[in-house]
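The numbering of the sequence shown is the numbering used here, which starts it at 145 and goes up by one.
Here's the structure, in structure tokens; my notes come after.
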Amino acid sequence: MKRAVYPGSFDPITYGHIDIIKRAAEIFDCVEVSVLNNIGKTPLFSIDERVSIIKEVTKDIPNVTVGSFDGLLVDYCMKNNARTIIRGLRMITDFEYELPLAQTNRKLCENVDTVFLATSLEYAYLSSSTVKEAASFGGDISKFVPPFIADMIYKKYGTGSEERINEQ
Ligand code: PNS
145 MKRAVYPGSF
155 DPITYGHIDI
165 IKRAAEIFDC
175 VEVSVLNNIG
185 KTPLFSIDER
195 VSIIKEVTKD
205 IPNVTVGSFD
215 GLLVDYCMKN
225 NARTIIRGLR
235 MITDFEYELP
245 LAQTNRKLCE
255 NVDTVFLATS
265 LEYAYLSSST
275 VKEAASFGGD
285 ISKFVPPFIA
295 DMIYKKYGTG
305 SEERINEQ
């Protein structure tokens, strides 16, 4: 059984992440989407919120599970019997960040490899940070995240119009 872990902050999960999850789920027998519990950052959504959001968006994909982790990613992979880390690559700057991360992980634990999936072109520009920034000013984020997540983001910021939320 080929198990993979798709780690990230997912604050919030976007259509770009969801696309990677669906494609990874077609390649691996089981994909665990795992949210980093990063105590050094102040996220918009708590760990529990992010886990339940991801459970909702992946509920129809039978071989996807959702969890969270802290500490080293490779330790989490070994504990979960996963030998593969999935990461999405949107552009060359992602690669510059991801390659040393993958190489460091491999030095830390030679049993765990990283597989990169090229982000689909329609989501190549998309990031959780820009979604949050747009939403914080009341911008339309309906092309970036599913409607119920957009609703939750607007509520956090106290922005967005009820009409727009209802239209989604
Ligand atoms: O969505 P992100 O924030 O780009 O995800 C980054 C993530 C979670 C993949 C990375 O920060 C991570 O793996 N953190 C856990 C600590 C760790 O194992 N770091 C790599 C070796 S130093």
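We put the beta carbon where it would ideally sit given N, CA and C, even for glycine.
Computed from a predicted structure; not experimentally measured.
Is it right to say S178 is buried, meaning 16 or more other beta carbons lie within 10 angstroms of its own, or is it exposed? buried
Could you name each continuous alpha helix (DSSP H) segment of 4 residues or more that falls completely within the segment 263-306, going from the start of the chain to the end? 272-280 and 291-301
How long is the line joining the alpha carbons of F281 and N225, rounded to whole angstroms? Their Cα atoms are separated by approximately 43 Å.
Is S212 a contact residue of the ligand PNS, with contact defined as CB to any heavy atom under 6 Å? no
Check for me: the beta strand (DSSP E) holding P151 runs from which residue to which? R147 to G152
Is any heavy atom of the ligand PNS found at a distance shorter than 6 Å from the C-beta of G152? yes
Straight-line CA distance for I241 to Q247? Sequence check: residue 241 is Tyr here, not Ile. Straight-line Cα distance between these residues: approximately 11 Å.
Runs of 3 residues minimum, wholly inside the segment 188-266: which ones carry the beta strand (DSSP E) assignment? 208-213, 228-233 and 257-262
C-alpha gap between V208 and I171, whole angstroms: 12 Å
Residue nearest to Y159 in terms of C-alpha spacing, selected from K299, G304, F292 and Y298: F292
Closest residue to D238 among L261, V256, D257 and I285 (Cα-Cα distance): L261
Beta-carbon spacing of A278, R234 below 7 Å: no
In angstroms, rounded to a whole number, what distance separates the CA positions of D295 and G283? 12 Å
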